[in-house]
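First up is the structure itself, then whatever we jot down about it.
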Amino acid sequence: MATLKEIKGTTIQFRDSDPEVYAGSWSSGGALNSGRSLLGGFGSTTGAGGNIVFGGDNPGGPSPSSNYAITESYNGTAWTEVGDLNQGRASVSGFGTTTAGFAIAGNYSGAPAAGSNNVESWNGSAWTETTEINSARIAGVATGITTSGLFSTGTIPGSGTPSSTILNESWNGSAWTEVGDLNQARRDAAGSGTTNTAALVFGGRNPPANTTGLATNELWDGSSWTEVGDLNLARMLLSGSGSSTAALAFAGNNPTPGRLTQTEQWNGTSWTEVAELANARMGAANGTLGSSTSSLATGGETTLSPDTQTVTEEWAFPTGTALQEGDMWFNSASSTLKGYAKSTPAGSWASAPSMNTAGAFFGSLGIQTAAVAAGRYSPAGQQGISESYDGTSWSEGNDLNTARREVGSFGTNAAGIICGGRPPNGTAKTESYNGTSYTEVNDMNTGRSDTMGNWGISTSGVWASGYTTTEVNNAETWDGTSWSNATVVNTPRSYAAGLGRSNTDGIVIGGYPARTIVEQWDGSSWTEVGDLNEGRASWNSSGTATLGIVFGGDSPPKSVNTELWNGTSWTELNNLSAGVGGNGGTKNGSANTGLSFGGTNPPYTAQSEQWDAPSAVVTVTTS
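In this note's numbering, the protein residues as written are 5 to 627.
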């Protein structure tokens, strides 16, 4: 039951009827005439003449490694071949409408590393070569319209070893001008935007480390790029559509488990996982193919045979007001206060694939389907072993530079931070993770160990409490480059848990010895908030500062308990199948999707469990 105090500060909206739950759906559309991947596209709707796709590659087709010049137009039902490009190409991007658009750069058949600065203009029936970009590239990102657009990132050709770039060029309707570079070099990314003054670029990869995708997202304001909310799932060779404030990201490659079905929607602040594609794919048409509420996924390499496919799916989103997590409103007819939440007590734990090496006290990064366990303690002692999880299996990757246990950690499987730990007791060492390897960066101000009481992303995080020679209340914030001392927590503790996404917002939870105390961080001070139902330490978490779960731990004995935090109070949910302490967890996951892995049972275990809870509309009772 929510009280008036609990909902204070939440916007209460009056509605004639209940809004649509934030979801959307994909449905089957007409098949392309020519199956291909790495093709470009543009358009605004799925209606008559709504979209154009062009170029692409079909490695398994009749002409191996051929770059197509073929252009097809979609009328909402079927694709029709129209005027060919003057230069066939793959890894091509585009922006515009069905009557005025651009095909930009790409690589030519027979010379895949040559790349191009070529631009062709579409007038609704034919292509004409027009003003070239300044820097030839492959696999860049195009956003905008023919009078105002951007072409960003990509691979610089002719460099031998695959590379990526931060280059960004602005189009004003007559000329290309190099403007502010991105913060993250990348290729095979996606983007959204309708002008040269407002755009997003998200996902991709940064060669030569091609083994994983990026989750980072950057916003262009007309003069510079700013890192904003990460994708929930890191990926490359993905597709996108929409504007800088309302976008869609879908499909791609991780590369494990391989081709993806996941779809995420951007609301101007954060990404929300919505309905998945029916067909996993990567390298689908990339360009401004619609909006965040009406879009197409077409072509690409799928899991079907033949590999390069003709399959098209159409995205539709409720036309009415869509609910987002945390929304509350009055139904004016019944005067009933309702709210939308992403986790309910109906959630449950199920067995997941085991890790390769049993252990406990890991650094934990990522989400349920893209997680990392870095370092550990096992019968062999402390280890630098790093394992990654793709939703299907665990695989070993590059080790930490310093073997250790009981570390702090935050971030995603593509961009994370591992800090502190032991031995020696209370090291200050910090390492950054780029999805492949670990690099030593600036040390903490105060070395410490023995906590999961940290949270954040790779550019904004917090470590609170821990152990040196005794339990401490030290706190430090991370800004992406260095650590700064912060106000100390009210209660010293070690082996705490944490929930949050930035260095200005989060909670530190419980800790040794079996504490129930929870403290909230607002960027400057700590405030005690609602206590846990069960005091415990050495456990883990998944979610945000306002909606998350904690699970496992030493109470003692080893706890099976799961508790849900709603921003004010804790509710006991369904239990783990086995009590475990020192377990890892996907802290950057959510309250409705989480993963618990390893820990002490005892003995040390490699067991993993997966948490899933449905979305729900709930009635809120006030008092």
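From the three backbone atoms N, C-alpha and C, an ideal C-beta is built for every residue, glycine too.
Residue i - partner residues in DSSP beta bridges
i      : result
VAL86  : THR75
ILE371 : ALA374
THR623 : LYS342
GLY100 : GLY105
ASP192 : ASP192 is not bridged to any residue.
SER468 : Residue 468 is actually Ala in this sequence, not Ser. Paired residue(s): ALA479.
PHE18  : PHE334
VAL460 : The sequence shown places Gly at residue 460, not Val. Paired residues: GLY465.
ASP535 : For ASP535, which the question treats as bridged, DSSP gives no partner whatsoever.
ASP61  : SER41 and ASN71
GLU136 : According to DSSP, which records beta bridges pairwise, GLU136 is partnered with nothing at all.
GLY153 : GLY148 and TRP175
PHE414 : ILE421
ARG141 : SER120
VAL554 : SER545 and GLU567
Cβ-Cβ distance between residue i and residue j below 8 angstroms
i      : j      : result
ARG239 : ASN210 : no
ALA82  : GLY34  : yes
GLY226 : THR198 : no
GLY144 : SER156 : yes
ASN458 : GLY412 : yes
TRP530 : VAL493 : yes
LEU242 : GLY291 : no
THR481 : ASN507 : yes
GLY557 : ALA582 : no
LEU36  : GLY59  : no
VAL554 : ILE521 : no
SER469 : PRO496 : yes
GLN628 : GLY593 : This structure does not reach residue 628, given that the chain is present from 5 up to 627, and the question cannot be answered.
VAL476 : ARG452 : yes
GLY552 : ALA500 : no
GLY87  : SER38  : no
THR597 : TRP615 : yes
GLY177 : SER152 : yes
Beta-carbon proximity list for residue i, same chain, < 7 angstroms, skipping 5 on both sides
i      : result
SER612 : ALA356, PRO357, SER358, MET359, LEU599, SER600 and PHE601
ASN537 : GLU567, TRP574 and GLU576
THR181 : GLU173 and SER174
LEU281 : TRP30, PHE254, ALA255, THR265, THR267, ALA301 and GLU317
ALA193 : VAL145, THR157, VAL205, PHE206, GLY207 and GLY208
GLY53  : Interpretation of GLY53 is limited by its pLDDT of 49, a score under 50 that renders its predicted location unreliable; no figure is taken from the coordinates.
GLY244 : ALA194, GLY195, SER196, PHE206, ALA251, LEU252 and ALA253
SER167 : THR159, ILE160 and PRO211
ASP403 : GLY388, ILE389 and SER390
Close Cβ partners of residue i (< 6 angstroms) along its chain, the five nearest in sequence each way excluded
i      : result
GLY484 : THR463
GLY246 : SER196, LEU252, SER295 and SER296
GLN17  : TRP333
TYR437 : GLY420
GLN387 : ARG380 and ALA407
ILE422 : GLY367, ALA378, VAL411, SER413 and GLU435
GLY571 : THR550
PRO116 : Unreliable placement is indicated for PRO116, whose pLDDT of 45 sits below 50; the coordinate value is still reported in the next sentence. Closer than 6 angstroms at Cβ, skipping near neighbours: no residue.
GLY28  : VAL278, ALA279 and PHE321
SER67  : Interpretation of SER67 is limited by its pLDDT of 45, a score under 50 that renders its predicted location unreliable; no figure is taken from the coordinates.
TRP467 : GLY412, ASN458 and GLU480
MET456 : ALA501 and ASN544
Where the beta strand (DSSP E) containing residue i begins and where it ends
i      : result
TRP543 : Note, TRP543: premise wrong, no beta strand (DSSP E); not H, not E.
ASP509 : 509-513
MET332 : 332-335
GLY1   : Since the displayed the chain opens at 5 and closes at 627, residue 1 lies outside it and no answer follows.
SER29  : 29-32
TYR442 : 442-445
ARG505 : 501-506
ALA146 : 145-149
ILE421 : 420-423
ASP616 : 608-616
PHE366 : Here PHE366 belongs to no beta strand (DSSP E), and DSSP marks it neither H nor E.
ALA354 : 352-356
LEU599 : 597-604
SER488 : 487-490
Residues near residue i by beta carbon distance below 8 angstroms, same chain, minus five either side
i      : result
SER336 : PHE18, ARG19 and ASP20
For this session: Entirely within the segment 182-257 and at least 4 residues each: give me those alpha helix (DSSP H) ranges in chain order.
Result: none
For this session: Within the segment 261-318, note down every full alpha helix (DSSP H) run reaching 4 residues or more, in order along the chain.
Result: none
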